[in-house]
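A.B. asks: Going by my numbering, the first residue of the sequence shown is number 8, and it counts up by one from there. Each residue gets a CB set at the ideal place from its N, CA and C atoms; glycine is no exception. Here it is: the structure, laid out below.
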Amino acid sequence: MINSRRNTDSKLAVVALSLLAFMAAGSAGAKAISKTSAKPSTAVNAIPHLVQTDGKYALMVDGAPFLVLGGQANNSSNYTGALSKVWPAIKDMHANTLTMPVSWEQVEPVEGKFDFSFVDTLVKEARENNVRLVILWFGTWKNTGPSYTPSWVKLDNKRFPRLTNKDGTTSYALSPLYESTREADKRAYVELVKHIKAIDGDRHTVIMLQPENEVGVYRTARDYSPKADALMAQPVPQALLTRYKKSPGNWNQVFGKDADEYFHAWSIARYVDDIVAAGDAVYPLPTYVNAALKDPLNPDQTPGSYASGGPVYSVIDVWKVAAPHIEFLAPDLYSPGSKSYEATLSQYARADNPLYVAESGNKPIYARYLFSALGRQGIGFDPFGFDYTGYANYPLGAKVFDADAVKPFATLYKLFGGMDREWAKLSYESQVWGVSEPDDHSAQSLDLGRAWSAKVTYRQWQFGLPEWDPENQNGYPDGSDVPSGGVAVAKLSDNEFLVAGLNARITFDTGEANKARGFVLDRVEQGHFEGGKWVMEYVWNGDQTDYGLNFTGAPVILKVRLGTYEK
Numbered sequence: 008m009i010n011s012r013r014n015t016d017s018k019l020a021v022v023a024l025s026l027l028a029f030m031a032a033g034s035a036g037a038k039a040i041s042k043t044s045a046k047p048s049t050a051v052n053a054i055p056h057l058v059q060t061d062g063k064y065a066l067m068v069d070g071a072p073f074l075v076l077g078g079q080a081n082n083s084s085n086y087t088g089a090l091s092k093v094w095p096a097i098k099d100m101h102a103n104t105l106t107m108p109v110s111w112e113q114v115e116p117v118e119g120k121f122d123f124s125f126v127d128t129l130v131k132e133a134r135e136n137n138v139r140l141v142i143l144w145f146g147t148w149k150n151t152g153p154s155y156t157p158s159w160v161k162l163d164n165k166r167f168p169r170l171t172n173k174d175g176t177t178s179y180a181l182s183p184l185y186e187s188t189r190e191a192d193k194r195a196y197v198e199l200v201k202h203i204k205a206i207d208g209d210r211h212t213v214i215m216l217q218p219e220n221e222v223g224v225y226r227t228a229r230d231y232s233p234k235a236d237a238l239m240a241q242p243v244p245q246a247l248l249t250r251y252k253k254s255p256g257n258w259n260q261v262f263g264k265d266a267d268e269y270f271h272a273w274s275i276a277r278y279v280d281d282i283v284a285a286g287d288a289v290y291p292l293p294t295y296v297n298a299a300l301k302d303p304l305n306p307d308q309t310p311g312s313y314a315s316g317g318p319v320y321s322v323i324d325v326w327k328v329a330a331p332h333i334e335f336l337a338p339d340l341y342s343p344g345s346k347s348y349e350a351t352l353s354q355y356a357r358a359d360n361p362l363y364v365a366e367s368g369n370k371p372i373y374a375r376y377l378f379s380a381l382g383r384q385g386i387g388f389d390p391f392g393f394d395y396t397g398y399a400n401y402p403l404g405a406k407v408f409d410a411d412a413v414k415p416f417a418t419l420y421k422l423f424g425g426m427d428r429e430w431a432k433l434s435y436e437s438q439v440w441g442v443s444e445p446d447d448h449s450a451q452s453l454d455l456g457r458a459w460s461a462k463v464t465y466r467q468w469q470f471g472l473p474e475w476d477p478e479n480q481n482g483y484p485d486g487s488d489v490p491s492g493g494v495a496v497a498k499l500s501d502n503e504f505l506v507a508g509l510n511a512r513i514t515f516d517t518g519e520a521n522k523a524r525g526f527v528l529d530r531v532e533q534g535h536f537e538g539g540k541w542v543m544e545y546v547w548n549g550d551q552t553d554y555g556l557n558f559t560g561a562p563v564i565l566k567v568r569l570g571t572y573e574k
């Protein structure tokens with residue numbers, strides 16, 4: 008009995024050391040192997056790719072920056088029979104991109120036998136509808152669980168082990184510490200990537216991939232199996248020590264109270280990165296991992312009360328070190344409160360991470376946050392649940408999801424869809440700003456550099472000033488009690504700006520450099536873009552400009568030139 012136990016411990020040590028070697032590998036060369044480059048390829052036939060310069064990012068598609076105005080279908084709409092109910096919603100939304108799941112159980116129901124017929128149909132119909140695709144790989148994780156793995160995976164807990172909870176019970180979630188699971192997932196993912204390259208490598212209908220979905224685990228901080236405990240006792244990888252400026256030691260010694268979550272985040276990130284690296288070797292489309300969030304206003308939440316190990320804001324740095332092949336980490340935003348939503352946007356808009364809203368609620372109140380995302384140089388916005396299958400994820404989303412539910416998003420997508428390439432280029436090469444109406448409708452200031460400033464206000468009539476009616480006898484515009492407004496501004500030149508808005512007023516003024524001079528709106532043009540060129544429709548002046556630039560529920564694009572004069 009004693010000899011048997013020693014033999015088991017010896018095997019465990021070997022396995023733990025072998026896994027540690029895998030977990031530690033790859034991070035040192037992150038910059039060398041990153042798909043992100045400061046020099047974008049402008050070739051029309053170049054594979055979609057992410058570029059960055061000085062912390063600014065652009066998604067290059069067919070040789071030019073591309074703004075994703077996306078709509079994500081419901082989870083179970085990833086079958087040919089549902090597509091006829093998907094395309095009408097995407098069309099009504101004016102989306103330029105459909106985000107659609109492809110699941111492991113769908114493409115490999117029998118081990119080693121693959122079926123990509125749905126992918127073929129999806130790509131074909133996307134082209135017919137003039138829409139790009141982002142494909143979500145539902146593999147080891149979907150909402151932290153293995154429900155989208157094939158039966159031969161999710162029913163075999165010996166070959167594909169689940170986590171062990173701290174109390175010794177078995178978790179619902181698969182453990183990231185087993186090569187058997189990782190290699191099986193990787194094989195299927197690589198076959199998917201091979202197939203996408205074969206049918207789309209010269210067309211670029213598919214522009215991004217999301218490997219896995221909402222990784223992590225609830226109700227526990229990490230895997231507490233003997234294998235996991237053995238790895239926790241090993242030294243923390245040097246790359247992570249360097250990132251956090253820590254001295255050597257095991258996970259508990261280095262990270263203390265955060266050790267369990269950091270270890271689990273590292274384990275999952277290395278697992279997913281290995282899968283992505285294998286796919287990149289075939290066809291290196293941009294990849295991102297989405298996060299089931301922790302409360303941005305409550306940093307003291309306990310791991311497991313949210314998806315522990317996933318790329319929540321407190322472990323973004325762990326993921327950045329552990330997963331160099333993954334371009335960016337993206338939030339799933341289902342908290343409609345403006346303070347919470349804006350805080351999360353700020354946490355993920357980083358110099359080393361472009362902002363991309365991977366999921367958001369489909370209630371009308373969420374649409375306005377497109378302005379805030381664009382103001383933080385976001386490369387895309389992708390709210391969830393846009394199809395007419397009859398499913399509604401209330402209370403996260405609308406009670407009834409139909410054409411009326413699409414309209415608030417369609418209004419803004421139609422506005423920015425007419426300049427998606429132009430906006431993406433300005434966001435990458437120039438400066439952009441954007442704000443969404445706060446829950447309390449309070450005013451917001453925009454610092455447009457030393458020369459200019461701006462103020463955005465809400466619940467105002469198109470004509471006149473609020474101080475004319477101190478007792479508010481005239482009331483507020485109909486429907487303005489629910490926040491819906493916002494403004495986005497892009498710099499065209501030192502004195503010229505592109506401005507788009509909804510249910511808001513923007514008032515420009517001089518900044519520090521011009522404070523001694525008088526201010527004037529030199530010229531305000533309403534127009535649109537055709538073939539990348541600005542087309543003026545008519546000029547605003549008089550009543551239309553005397554009280555700021557007022558955007559109603561029918562948003563427009565303005566080209567604004569600012570000027571000064573000697574007092």
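Is it the case that the stretch 56-72 contacts the stretch 373-388, given that we only count it when at least three CB pairs across the two stretches are under 8 angstroms?
C.D. replies: yes
A.B. asks: What is the C-beta distance between Pro-293 and Glu-268, in whole angstroms, given that I count them as a contact (C-beta under 8 angstroms)?
C.D. replies: The sequence position of residue 293 within the sequence shown is 286, counting from 1. The sequence position of residue 268 within the sequence shown is 261, counting from 1. Incorrect: roughly 27 angstroms between the Cβ atoms, too far for contact.
A.B. asks: Would you kindly work out how many angstroms separate the C-alpha atoms of Val-371 and Tyr-572, rounded to a whole number?
C.D. replies: As a first step, residue 371 is located in the sequence shown; it is residue number 364 there, counting from the start. As a first step, residue 572 is located in the sequence shown; it is residue number 565 there, counting from the start. Note that residue 371 is Pro in the sequence shown here, rather than Val. CA-CA distance, Pro-371 to Tyr-572, rounds to 43 angstroms.
A.B. asks: Just list the residues that DSSP pairs Pro-242 with in beta bridges.
C.D. replies: Here the question's residue 242 lines up with position 235 in the sequence shown. Pro-242 pairs with Asn-257.
A.B. asks: With DSSP as the reference, label Ala-520 as helix, strand or coil.
C.D. replies: To locate residue 520, count along the sequence shown from 1; it is residue 513. If DSSP states are grouped into helix, strand and coil, Ala-520 belongs with the helices.
A.B. asks: May I ask you to report which of helix, strand or coil DSSP gives Asn-292?
C.D. replies: Looking up residue 292 in the sequence shown gives position 285. A quick correction: the sequence has Leu, not Asn, at residue 292. In this structure, Leu-292 counts as coil in the three-state DSSP scheme.
A.B. asks: Note down the Cα distance separating Phe-167 from Tyr-348, rounded to an integer number of angstroms.
C.D. replies: Start at 1 with the first residue of the sequence shown, and residue 167 comes out as number 160. Start at 1 with the first residue of the sequence shown, and residue 348 comes out as number 341. Going from the Cα of Phe-167 to the Cα of Tyr-348 covers about 37 angstroms.
A.B. asks: I'd like the list of long-range same chain contacts for Gln-451, defined as Cβ closer than 7 angstroms, with 5 residues on each side in sequence excluded.
C.D. replies: The sequence position of residue 451 within the sequence shown is 444, counting from 1. Answer for Gln-451: Val-442, Val-463, listed in chain order.
A.B. asks: Use the C-beta contact count for Glu-366: other C-beta atoms within 10 angstroms, 16 or more gives buried, fewer gives exposed.
C.D. replies: Working through the sequence shown from its first residue, we reach residue 366 at position 359. Around the beta carbon of Glu-366, 16 or more other beta carbons lie within 10 angstroms, which makes this residue buried.
A.B. asks: Using CA coordinates, which residue listed in Gly-549, Val-494, Phe-393 is at the minimum distance from Leu-377?
C.D. replies: Indexing the sequence shown from 1 puts residue 377 at position 370. Checked all of Gly-549, Val-494, Phe-393; the closest Cα to Leu-377 is Val-494.
A.B. asks: Using 8 angstroms as the Cβ pair cut-off and three pairs as the minimum, do the stretch 128-141 and the stretch 97-107 touch?
C.D. replies: yes
A.B. asks: Give a yes or no on whether the C-beta atoms belonging to Ile-282 and Pro-183 are separated by under 8 angstroms.
C.D. replies: Translated into the one-based positions of the sequence shown, residue 282 becomes position 275. Translated into the one-based positions of the sequence shown, residue 183 becomes position 176. No, they are not a contact pair.
A.B. asks: Using the three-state DSSP reduction, which class does Ser-124 fall into: helix, strand or coil?
C.D. replies: Residue 124 sits at position 117 when you count from the first residue of the sequence shown. Three-state DSSP puts Ser-124 in a helix.
A.B. asks: Quick check: the stretch 88-100 against the stretch 131-138, are there 3 or more CB pairs under 8 angstroms?
C.D. replies: They touch, by the three-pair rule.
A.B. asks: Buried or exposed: where does Glu-474 fall if 16 or more other Cβ atoms within 10 Å of its Cβ makes it buried?
C.D. replies: The count along the sequence shown starts at 1 and reaches residue 474 at position 467. Looking at its Cβ environment, which holds fewer than 16 other Cβ atoms inside 10 Å, Glu-474 is exposed.
A.B. asks: Tell me the rounded alpha-carbon separation between Arg-568 and Lys-498.
C.D. replies: Along the sequence shown, one-based indexing puts residue 568 at 561. Along the sequence shown, one-based indexing puts residue 498 at 491. Their Cα atoms are separated by approximately 10 angstroms.
A.B. asks: Nearest-angstrom Cα distance between Tyr-363 and Val-296?
C.D. replies: The sequence position of residue 363 within the sequence shown is 356, counting from 1. The sequence position of residue 296 within the sequence shown is 289, counting from 1. Going by the C-alpha atoms only, they are around 10 angstroms apart.
A.B. asks: Just to confirm the assignment, what range does the alpha helix (DSSP H) spanning Glu-544 have?
C.D. replies: Along the sequence shown, read from residue 1 onward, the residue named residue 544 stands at position 537. Segment 540-547 is the beta strand (DSSP E) holding Glu-544; no alpha helix (DSSP H) there.
A.B. asks: Buried or exposed for Ala-374, please, with buried defined as at least 16 other CB atoms from any protein chain shown within 10 angstroms of its CB.
C.D. replies: Indexing the sequence shown from 1 puts residue 374 at position 367. It counts as buried.
A.B. asks: Exposed or buried, which one is Ala-20 when buried takes at least 16 other CB atoms within 10 Å?
C.D. replies: Taking the first residue of the sequence shown as position 1, residue 20 is located at position 13. Reliability of the predicted coordinates at Ala-20 is poor, the pLDDT of 43 falling under 50, and the value obtained from them is presented with this limitation in mind. Ala-20 comes out exposed.
A.B. asks: Assuming Phe-393 contacts Val-407 (C-beta within less than 8 angstroms), just tell me the rounded distance between them.
C.D. replies: Residue numbering aside, residue 393 sits at position 386 when the sequence shown is read from its first letter. Residue numbering aside, residue 407 sits at position 400 when the sequence shown is read from its first letter. Contact flag wrong, Cβ pair sits at about 14 angstroms.
A.B. asks: Starting from Ala-507, trace the beta strand (DSSP E) both ways and give me its first and last residue.
C.D. replies: Locating residue 507 in the sequence shown gives position 500, where the first residue counts as 1. From DSSP, the beta strand (DSSP E) with Ala-507 extends over 503-509.
A.B. asks: Candidates Asn-369, Ser-342, Trp-430: which alpha carbon is nearest Lys-540's?
C.D. replies: Numbered from its first residue, the sequence shown carries residue 540 at position 533. The residue with the shortest Cα to Cα distance from Lys-540 is Trp-430.
A.B. asks: Is Lys-82 helix, strand or coil by DSSP?
C.D. replies: Numbered from its first residue, the sequence shown carries residue 82 at position 75. In the sequence under discussion, the amino acid at residue 82 is Asn, which differs from the Lys named in the question. If DSSP states are grouped into helix, strand and coil, Asn-82 belongs with the helices.
A.B. asks: Assuming the contact rule is C-beta atoms closer than 8 angstroms, Asn-52 and Asn-150 should be a hit. Round their C-beta distance to whole Å, please.
C.D. replies: Against the sequence shown, residue 52 aligns to sequence position 45. Against the sequence shown, residue 150 aligns to sequence position 143. Actually they are not in contact, since the Cβ atoms of Asn-52 and Asn-150 sit about 37 angstroms apart, beyond 8 angstroms.
A.B. asks: Hey, Tyr-196 and Pro-218 are a contact pair by Cβ (cut 8 angstroms); roughly how many whole angstroms apart?
C.D. replies: Translated into the one-based positions of the sequence shown, residue 196 becomes position 189. Translated into the one-based positions of the sequence shown, residue 218 becomes position 211. That belief holds up - the Cβ atoms of Tyr-196 and Pro-218 are roughly 6 angstroms apart, short of 8 angstroms.
A.B. asks: Based on Cα-Cα distance, which residue from Thr-396, Phe-536, Asp-446 lies nearest to Ser-91?
C.D. replies: The count along the sequence shown starts at 1 and reaches residue 91 at position 84. That would be Thr-396, whose Cα lies nearest to the Cα of Ser-91.
A.B. asks: So for Thr-188, helix, strand or coil by DSSP?
C.D. replies: Position 181 of the sequence shown holds residue 188. The answer is helix: DSSP assigns Thr-188 an H, G or I state.
A.B. asks: Roughly how many angstroms separate the alpha carbons of Thr-87 and Pro-116, rounded to a whole number?
C.D. replies: Working through the sequence shown from its first residue, we reach residue 87 at position 80. Working through the sequence shown from its first residue, we reach residue 116 at position 109. A direct Cα-Cα distance of roughly 17 angstroms separates Thr-87 from Pro-116.
A.B. asks: On the three-pair Cβ rule with 8 angstroms, is the stretch 317-326 touching the stretch 299-306?
C.D. replies: Between the stretch 317-326 and the stretch 299-306, the count of Cβ pairs shorter than 8 angstroms is three or higher; the stretches touch.
A.B. asks: Hey, how far is the Cα of Phe-515 from the Cα of Gly-555?
C.D. replies: Position 508 of the sequence shown holds residue 515. Position 548 of the sequence shown holds residue 555. Near 7 angstroms, if we compare the C-alpha coordinates of Gly-555 and Phe-515.
A.B. asks: Please identify the residue among Arg-457, Leu-419, Tyr-483, Ala-461 whose C-alpha is closest to the C-alpha of His-448.
C.D. replies: Stepping through the sequence shown from its first residue, residue 448 is reached at position 441. Residue Tyr-483 is the option with its Cα nearest to His-448.
A.B. asks: Can you check which of these residues, Gly-382, Tyr-420, Pro-361, is closest to Pro-390 by C-alpha distance?
C.D. replies: The residue labelled residue 390 in the question sits at position 383 within the sequence shown. Measuring from the Cα of Pro-390, the nearest candidate turns out to be Tyr-420.
A.B. asks: From the DSSP output, in three-state form, read off Glu-198 for me.
C.D. replies: The residue labelled residue 198 in the question sits at position 191 within the sequence shown. Helix.
A.B. asks: Any idea what DSSP makes of Gly-493, helix, strand or coil?
C.D. replies: Taking the first residue of the sequence shown as 1, we reach residue 493 at position 486. Here Gly-493 sits in strand by DSSP.
A.B. asks: Where Tyr-341 and Gly-368 are concerned, what is the direct C-alpha to C-alpha distance, given to the nearest angstrom?
C.D. replies: The count along the sequence shown starts at 1 and reaches residue 341 at position 334. The count along the sequence shown starts at 1 and reaches residue 368 at position 361. Between the alpha carbons of Tyr-341 and Gly-368 lies a gap of roughly 5 angstroms.
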